[in-house]
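Chemist: One gets our numbering by counting positions in the sequence shown from 1 and adding 1229 to each.
We put the CB at the ideal spot given by N, CA and C, even for glycine.
Please read through the structure below; I'll follow up with questions.
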Amino acid sequence: MATVQEVKQDALQTAKKYVNDVYETVKKCNPHENEFHQAVKEILDSLVPVFVKHPKYMNNAILERIVEPERIISFRVPWVDDQGKVQVNRGFRVQFNSAIGPYKGGLRFHPSVNASIIKFLGFEQIFKNSLTGQPIGGGKGGSDFDPKGKSDMEIMRFTQSFMTELCKYIGPDTDVPAGDIGVGGREIGFLFGQYKKIRGGYEAGVLTGKGLGYGGSLARTEATGYGAVYFVQEMLKDQGLSFTGSTVVVSGSGNVSIYAIEKATELGAKVVACSDSNGYIYDPNGINLDTVKRLKEVERKRIHEYVQEHPQAQYFEGCTGIWSIPCDIALPCATQNEINEASAKLLVANGVKAIGEGANMPSTLEAIDVFLNNKVLFGPAKAANAGGVAVSALEMAQNSMRLAWTFEEVDAKLHQIMVNIYRNSVKAADEYGHPGNLVVGANIAGFLKVADAMMAQGII
1230 MATVQEVKQD ALQTAKKYVN DVYETVKKCN PHENEFHQAV KEILDSLVPV
1280 FVKHPKYMNN AILERIVEPE RIISFRVPWV DDQGKVQVNR GFRVQFNSAI
1330 GPYKGGLRFH PSVNASIIKF LGFEQIFKNS LTGQPIGGGK GGSDFDPKGK
1380 SDMEIMRFTQ SFMTELCKYI GPDTDVPAGD IGVGGREIGF LFGQYKKIRG
1430 GYEAGVLTGK GLGYGGSLAR TEATGYGAVY FVQEMLKDQG LSFTGSTVVV
1480 SGSGNVSIYA IEKATELGAK VVACSDSNGY IYDPNGINLD TVKRLKEVER
1530 KRIHEYVQEH PQAQYFEGCT GIWSIPCDIA LPCATQNEIN EASAKLLVAN
1580 GVKAIGEGAN MPSTLEAIDV FLNNKVLFGP AKAANAGGVA VSALEMAQNS
1630 MRLAWTFEEV DAKLHQIMVN IYRNSVKAAD EYGHPGNLVV GANIAGFLKV
1680 ADAMMAQGII
């Protein structure tokens, strides 16, 4: 008769084999989609303790179903530039999982966009949205269109063409896109206007991130950056630490970065660096956020212009060097895989205490291992980055009720959501044998809610 230890070991090996088999199938069925493979592996490896404790999820093929999108839409986007020349881009929408609500996830306009990136983002979105506690499923979309250097009229013509096709697949109770990299208030406005014209009705809940004058929510602009800082604040608090007096490095200079800088500064930190896709600035006196906001949000200029107004600051070409700046807290808020193993080791060597991922998957798997092995507090993206989509869901709720909450009301709800995400991640990590590991905790907490809903709804 097998001992208890042997039974546990057999269950562990069975769970590991199941996870590995599913991952190998994902790679086989989705060749060359490295970003998608990375996202799947990071989550699947975390779920082994769940399958050991609850074999029912293996018996119902939950993983085989959850890694396969419910629907993938790919389409061409023709538009005319200011010279009268016809341009053609590719558009995507991945509707990944609707077990707990309508598909929800941003639209990204960037030359790097392809099927792999949209699928990785959509897959992550399933678990991120689940963690918020809001009734929203996972989706993502975008185009390889580059809005940089384009006129407002070119942006309008492109977004109208994009929405002319996308509108067939979205709706307030079906799929609710939002903004992401390259898609801000201007783009959302054009997209919403075209949707409204085609549909012939005012469906405010079809897009989030809208302007305040036509159904948007106060605090939505600030939500992702504020949310990341609120999450890190909870991590620090549990260790008797705080932002007060800390040196912070924030990558990026877009929406997430700007409001992460704002909130960290409000909490007493000194943010000394930020970046854009060309390079980074280091200001030993602390970043002047008013200058960054004007350069990036109003004048749409490059970050190197900052040093012309602040001579004590320095500008450096390239982005990876930003992680060589000694800091107590690092907030990667730019893009995926911006912190590799070498950068992670440099951050650790320079004494970093906490990492809060404001972007989607900004740390490679190897970098995450470096942080965890060196006991650095680590807030994974699907948890720390969830503030934006959380307030998007609050925007949907306000649209449904035809009312608007104050900034303070929305911010308070956001703060509480981020505290809940942190606590639920800690609880799941403890319960499944990985105390302190928020990567495992967030993945498990997000997975269980979706998996239970999928089981309740049958094999669909």
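If you scan the region 1325 to 1412 from start to end, which runs of the beta strand (DSSP E) of 3 or more residues do you find wholly inside it?
Modeler: 1332 to 1338, 1366 to 1372 and 1404 to 1408
Chemist: For Val1317, count the other beta carbons within 10 Å of its own beta carbon; 16 or more makes it buried, fewer makes it exposed. Which is it?
Modeler: exposed
Chemist: Below 7 Å CB to CB, which residues in the same chain sit around Asn1517 once its five sequence neighbours on both sides are set aside?
Modeler: His1539
Chemist: Alpha carbon to alpha carbon, how far is Val1342 from Lys1237?
Modeler: Going by the C-alpha atoms only, they are around 43 Å apart.
Chemist: Does chain D have any CB closer than 9 Å to the CB of Tyr1286?
Modeler: No chain D is part of this structure, which consists of one protein chain only.
Chemist: Determine whether the beta carbon atoms of Lys1333 and Ile1301 lie at a separation below 9 Å.
Modeler: no
Chemist: What do you reckon, are the CB atoms on Ile1597 and Ile1558 nearer than 9 Å?
Modeler: no
Chemist: Would you mind reading off the limits of the beta strand (DSSP E) that contains Val1478?
Modeler: Thr1476 to Val1479
Chemist: Please check the pair Asn1259 and Val1679, which I expect to be a contact at CB under 8 Å, by giving their CB distance rounded to whole angstroms.
Modeler: So it is not a contact: roughly 20 Å between Cβ atoms.
Chemist: Taking contact to mean 3 or more Cβ pairs, one atom from each stretch, closer than 8 Å, check whether the region 1566 to 1576 and the region 1420 to 1434 are in contact.
Modeler: No contact exists between the region 1566 to 1576 and the region 1420 to 1434.
Chemist: Using the C-alpha atoms, what's the distance from Ile1532 back to Gly1515?
Modeler: 15 Å
Chemist: By Cβ distance, which residues of its chain are closer than 6 Å to Ala1622, with the 5 residues on each side in sequence left out?
Modeler: Gln1363 and Ile1365
Chemist: Determine which residues share a DSSP beta bridge with Glu1546 and list them.
Modeler: According to DSSP, which records beta bridges pairwise, Glu1546 is partnered with Gly1508.
Chemist: Between the region 1604 to 1612 and the region 1662 to 1676, do three or more beta carbon pairs fall short of 8 Å?
Modeler: yes
Chemist: Give, in chain order, every unbroken run of the alpha helix (DSSP H) that is at least 4 residues long and sits entirely within the region 1526 to 1612.
Modeler: Along the length of the region 1526 to 1612, whole alpha helix (DSSP H) runs at least 4 residues long occupy 1535 to 1538, 1570 to 1578 and 1594 to 1602, reported in chain order.
Chemist: Just to confirm before moving on: does the CB-CB distance between Ile1490 and Lys1525 stay below 9 Å?
Modeler: Contact: no.
Chemist: Here's the rule I'm using: 16 or more other beta-carbon atoms within 10 Å means buried, otherwise exposed. How should Asn1288 be labelled?
Modeler: exposed
Chemist: Tell me which same chain residues have a C-beta within less than 6 Å of the C-beta of Gly1444, skipping the five on either side of it?
Modeler: Ala1433 and Asn1628
Chemist: Express the C-alpha separation of Ile1554 and Leu1350 in angstroms, rounding to a whole number.
Modeler: Going by C-alpha positions, Leu1350 is about 29 Å away from Ile1554.
Chemist: Excluding the 5 residues preceding and the 5 following Thr1388 in the sequence, name in chain order all residues of the same chain whose CB lies nearer than 8 Å to its CB.
Modeler: Cβ within range, chain order: Glu1416, Phe1419, Leu1420 and Gln1423.
Chemist: By DSSP, does Phe1321 sit in helix, in strand, or in coil?
Modeler: Correct three-state label for Phe1321: strand.
Chemist: Can you grab the Cα-Cα spacing for the pair Glu1271 / Lys1357, in whole Å?
Modeler: 14 Å
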